[in-house]
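Here is the structure we will look at, set down as structure tokens.
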């Protein structure tokens, strides 16, 4: 009888390395680095092929084949090696080798096709409809848009899904800029006023003395609208936005032109026509003489009640002061409004704690406004008028 010899496992020179019982979901390059770094510990020989090492690793489902291995498959296929032998030599599934060769036949390249993710609930057509609805109803909340989308698309959609879909439409939720409400009559008057003054040159706008009032509040206790916290810390006292019930405030009157800043007056008490005329005598007339040096100028103020009172208009007529007719609800057309905005931004940075500190800070920032910035603001008036005409009298970005 022929003697049968049993082969002992793990002995001899042709012993096979034990299978690496590791499930790695990273890329093939990461697995190769791990195997090379742990090769001595496992017992691999230095001459062990990298592809043999890769074949021993359990890859995650759907992990892409590295380009070097794909080139090796295509090279053997071009030499005439069968797909079964290629799969056996590289220890890969036959279907994987077949798909790589089939892709090479169709495209002529070995590039990895982009993986197909889970299909989204809303396709491209749905996103276009969602974008049209969001642009039509810009002030709608995400909850309202979600309710509309569920009825329109007849699908089960959550608020988070709609929020992500809005981002896919290249839209984003922002805080709206605050502008005055304009009715149709006010828009019509703004439009006609802009057309009547559109032919004014920048040099003529530089002969205007702009004036206005603004209210400043002490910002003690008013922190920012946003706070850095976790979801659970919403009721933490340090995460509240605190505000004073009746904060101390100041009413300020000022005038400016492209030549420089005029006088500044701090109101105390209520404003009426008699007190407004006193301010014009004590501050507007000296500023007019100092800025224009006797040259003709035009005085501008809005349509507040003290400005349009009969005694005020009579005083201006007796003084032979030419007044620029101004449309109602049009602070975006006056450059001095931008000056107030600049000073208020400085106040938020400096944060005065008392009325005295607030008054000192306002006067200091008022005197620090440079003349080139004033010229730039006054030179923007023609562009503002063009925007008003383009928007048919509606509010502008200024």
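In UniProt numbering, the protein residues as written are 1 to 398. Glycine included, each C-beta is placed from N, C-alpha and C at the ideal position. Note that the structure is a prediction, hence the values are computed from the model and not measured.
*Count the other CB atoms, across all protein chains shown, that sit within 10 Å of the CB of residue 350; report buried if there are 16 or more and exposed otherwise.*
Taking the first residue of the chain shown as 1, we reach residue 350 at position 350. Burial check for residue 350: the Cβ neighbour count within 10 Å stays below 16, so the residue is exposed.
_Please identify the residue among 204, 280 and 239 whose C-alpha is closest to the C-alpha of residue 375._
As a first step, residue 375 must be located in the chain shown, where it is residue number 375. Ranking the options by Cα distance to residue 375, first place goes to 204.
*beta strand (DSSP E) segment containing residue 366, residue limits*: Counting from 1 along the chain shown, the entry for residue 366 is found at position 366. Note, residue 366: premise wrong, no beta strand (DSSP E); alpha helix (DSSP H) at 355-367.
*Could you tell me which residues DSSP puts in a beta bridge with residue 208?*
Locating residue 208 in the chain shown gives position 208, counting from the first residue. Note: residue 208 sits in a beta bridge opposite 298.
*Can you tell which of 73, 98, 100 and 102 has the C-alpha that lies nearest to the C-alpha of residue 89?*
Reading the chain shown from its first residue, position 89 is the one you call residue 89. The shortest Cα separation from residue 89 among 73, 98, 100 and 102 belongs to 73.
*Taking DSSP as the reference, what is the three-state secondary structure of residue 264?*
If you number the chain shown from 1, residue 264 lands on position 264. DSSP, read as helix, strand or coil, puts residue 264 in strand.
*Could you say if the stretch 210-217 and the stretch 327-342 meet the contact criterion of at least three C-beta pairs nearer than 8 angstroms?*
Taking one beta carbon from each stretch, the stretch 210-217 and the stretch 327-342 have 3 or more pairs nearer than 8 angstroms; the two touch.
_residue 230, buried or exposed, once every other Cβ within 10 Å from all chains shown has been counted against 16_ = Here residue 230 is taken as the residue at index 230 of the chain shown, counted from 1. Residue 230 should be labelled exposed.
*C-alpha gap between residue 400 and residue 326, whole angstroms*: Residue 400 lies beyond the residue range present for the chain, which begins at 1 and ends at 398; the question has no answer from this structure.
*Could you spell out the range, first to last residue, of the beta strand (DSSP E) harbouring residue 427?*
Residue 427 lies beyond the range of the chain shown here (1 to 398); nothing can be said about it.
_Just to confirm, is the Cβ distance from residue 309 to residue 273 under 8 angstroms?_
In the chain shown, counting from the first residue as 1, residue 309 sits at position 309. In the chain shown, counting from the first residue as 1, residue 273 sits at position 273. For residue 309 and residue 273, yes; Cβs fall inside 8 angstroms.
*In the DSSP assignment, what residue or residues form a beta bridge with residue 214?*
Taking the first residue of the chain shown as position 1, residue 214 is located at position 214. Beta-bridge pairing links residue 214 to 252.
*residue 323 (DSSP reduced to helix, strand or coil)*: Counting from 1 along the chain shown, the entry for residue 323 is found at position 323. Looking at residue 323 - three-state DSSP - the assignment turns out to be strand.
_7 angstroms Cβ shell around residue 312 - same chain, five flanking residues per side excluded_ = Start at 1 with the first residue of the chain shown, and residue 312 comes out as number 312. Answer for residue 312: 273, 276, 277 and 306, listed in chain order.
*Using DSSP with H/G/I as helix, E/B as strand and the rest coil, what is residue 198?*
Within the chain shown, numbered from 1, the residue matching residue 198 stands at position 198. Here residue 198 sits in coil by DSSP.
_I need the boundaries of the alpha helix (DSSP H) containing residue 274, first residue and last residue._
Indexing the chain shown from 1 puts residue 274 at position 274. For residue 274, the enclosing alpha helix (DSSP H) covers residues 273-279.
*Would you mind stating whether residue 369 and residue 264 have Cβ atoms separated by less than 8 angstroms?*
For the purposes of this step, residue 369 is identified with residue 369 of the chain shown, where counting begins at 1. For the purposes of this step, residue 264 is identified with residue 264 of the chain shown, where counting begins at 1. In this structure, residue 369 lies away from residue 264, with their beta-carbon atoms at least 8 angstroms apart.
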